[in-house]
Structures are given as C-alpha cells and as structure tokens.
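Numbering (our numbering), first residue to last: 262 to 652.
C-beta atoms are modelled at their ideal positions from N, C-alpha and C, and glycine is treated no differently.
Data block below; observations after.
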C-alpha cells in the first residue's frame, strides 16, 4: 500500500462506499410493499427487484475481482461507483416493474465493486488480529446504515414517493465517487496476467476446491441470507400482515441492525483475546438459537411483532461475530490472489442471499412461514458446514 495512506482514513472511505451500496437495498425496502399496487403486479414479481439485484451483485463480484487485480483497486472503484450512480437514476425513472427490475440488475452489478474492493483493501492494509478488528469496526459502522436507511427511506416515500429514494441514492453515490477520486490511493499491485482466462478459472477452481475456504464462506453466507430474507419479506409481513405503518418498518429493522452492531462491537473487543474460530462459534450459538425460536414462534401460533423482534434480534446479534470473522478466516485460507478470493467469497455469500430473497418471494403465501423456514434452513447449513470442518 502507498505509504502516505492513513489506515483509519482508508477504513472511513471504505465504510462510506459500502454504505452507498447498502442503501440501494435498505433505503428502498419500505417502498417494496407498495410497488404491487403502483405497477399493477403481484408481490412475488415485486420481490424480484430485490432478489435479482442480489443475484447480479453476486455475479458481478466474479468480474470485479480479477479486474481489480489487473487494473488496480482505485480505477475499478471509481468506474463501479460511476456506473452505480447512473443505474440508480434509471431505477428512479422506471415506468414499469420490468424496467425497474432491469435497472436494479444493472445497479447490483455495479454495487458489487464496493463489496469486492472493501475486503481486498482491508486485506492489503491490515494483518492478523488488526484485520479482524478492522472488519469488526467496519461491521459496527456499516450497521448504522441499515438502521438509518429504512427509516429515512420510509419518510422519503411518504413525503416524495418511492422514486425519490433512488434519486437521493444517486446523489450520495456521486459525492462518494468524488471523495474516492480525491483521497483513496492505490493499495494493491497490478497483475498483468490477472485477466487471462486460464488464470481466472484457475484461481476460482482452486478456491472451490479449498475446503476451509468454502466452509467459512458457507457459514458467513448464512448470515447474509438471513438479512436478505428479512429485507425482502419483512415489509410484507410487518406492513401488510401486521398493519405496521410504513415509516415504522425502518425502526423495526433498526432494532435488528443495532443487535447486529452490538455483536460486532463485542467482537472487536474480544478479538485480541480470542481466536477467530472461537469468536465465530460464539456468534453461531445465538444465531442458531434465534432461528429455532423463530420457527417455534411462527409454527406454534405465538406470532406477534414483539416476539418476532426478539427472535430476529437474537439471530442478528449472533450474526455480528460470524460476519466479522468468516471473511478473515476464508481469505486467510486462500493462498492466491486477493481479488479473486474476495470475489468468490462475496459471490457465494451474496448468491446465498439472493437465493434466500428468491425463496421468500417464490413461496410468498401472505404469512411468515416462508421467512421462518428460509432462516431455519440457513441456520442448519451453517451448523452442517461447521461440523464438517471438525471431522
């Protein structure tokens, strides 16, 4: 990394860039339940604007990783944010649900740049326990955006309509692009062979064969899946099913995000004393218990917004340590290029998130059961992946 770069400044810029990508989902979430009536479509189709965005994000990471190795982190960062700004504007200009879904796909492809490069730059800059602490503090800071964005998005929807959410997002992305241009220096070394097909496929094939890399990625992906499932199904469950006012959905999600932030904050404090594996297991326990509680509440006939909040907050708290540690564990299990490793990590994790979002959309039945079953499945997958590594 360039010697003139301040690690704290790097982390602050990465947090800002990631916050922009996060807002593309969370700012828009409160509007989601109202889109079927606006466009004259059904809930399952409206939810595709979430799940297809996530799928495009997952696929985009596989492209941006090698690009960042070949051309450098900074130029790919700038190009991705510029594209993100443009496609956010197109989302706001959509005249049909099909146009909105298409624009969201393109937006997701560009948002993937931030995800890949955040992990790559953190690995460039930080080492060992400091890397875990950096990701943990990054998790705490970025957790504030999913807490604030849906509240802000709810009020923007009430005052100006759903389109203004995307115009606002484009403005913030444009400002972020300018800040990166002025302050973020190159942190990696350009690899002229990084885009050769043999090199790209060789890197990805090696990662898929790396048992530890896949195991940690699946555990971390279960964390991502939970949040994608909730953001996609939550507006319909709380606003339509339980009659929660649109602006209050953001406060409900804020409880989950604060719980996640508390788990991340605790991880940052424990990182100097506990190993990453121990911290991961520490987080898995409440995450799985929360998933079991959610299944019991929904299928036991005890469902209320308050009890849902308790179960989901317990899951979110446990996801804090899991998300803080699994990227480091997975990346350190890889001995190859940083860019492809970060790309594959995010492709699998966000791919799992898109499957979770697609699941609650395809099986939408006007109840909370699809969300509970989806969360339960990914809890089981995380435990199975952890047990597989103990053999």
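Annotation: residue 382 to residue 375 spans about 10 Å, alpha carbon to alpha carbon. The continuous stretches of alpha helix (DSSP H) do not include residue 445, and DSSP gives it neither H nor E. In the structure shown, residue 426 adopts helical secondary structure according to DSSP, grouped into three states. Residue 420 carries a helical assignment under DSSP once its states are collapsed to helix, strand and coil.
DSSP places residue 269 in the uninterrupted alpha helix (DSSP H) bounded by 268-287. Residue 626 carries a coil assignment under DSSP once its states are collapsed to helix, strand and coil.
When C-alpha distances from residue 286 are compared across 328, 312 and 517, the shortest belongs to 312. In the three-state DSSP reduction, residue 503 falls in the coil class, being neither helix nor strand. Only exposed fits residue 565, as fewer than 16 other CB atoms lie within 10 angstroms of its CB. Listed in chain order, the alpha helix (DSSP H) runs fully inside the region 290-322 are 290-293 and 296-300, counting runs of at least 4 residues. Closest in C-alpha terms to residue 615, from the list 292, 471 and 485, comes 485. Contact between residue 296 and residue 362 is absent: CB atoms are separated by about 10 Å, not below the 8 Å threshold. Distance from the Cα of residue 368 is smallest, within the candidate group 545, 426, 350 and 606, for 350.
In the DSSP assignment, residue 593 falls within the alpha helix (DSSP H) that extends over 566-594.
Nearest in C-alpha terms to residue 329, of all of 320, 340 and 319, is 340.
Closest option to residue 587, judged by alpha-carbon separation, among 551, 540, 531 and 562: 540. When secondary structure is reduced to three states using DSSP, residue 345 falls in the helix class. With a threshold of 16 other beta carbon atoms within 10 Å, residue 623 falls short and is exposed. With 16 or more other Cβ atoms inside 10 Å of its own Cβ, residue 621 counts as buried. A Cβ-Cβ contact shorter than 7 Å links residue 465 with residue 605. In the structure shown, residue 510 adopts helical secondary structure according to DSSP, grouped into three states. Short of 6 Å from the beta carbon of residue 425, and not among the five residues preceding or following it, lie these beta carbons of its own chain, in chain order: 417.
Ranked by how close their Cα comes to the Cα of residue 434, the residues 633, 274 and 649 have 274 in first place. In the displayed model, residue 534 falls within coil according to three-state DSSP, outside both helix and strand.
Here residue 352 has 361, 364, 365, 368 and 427 as same chain residues with Cβ atoms under 7 Å from its own Cβ, once five neighbours each way along the sequence are excluded.
Of all alpha-carbon atoms in 337, 391, 567 and 648, the one lying nearest the alpha-carbon of residue 442 is that of 337.
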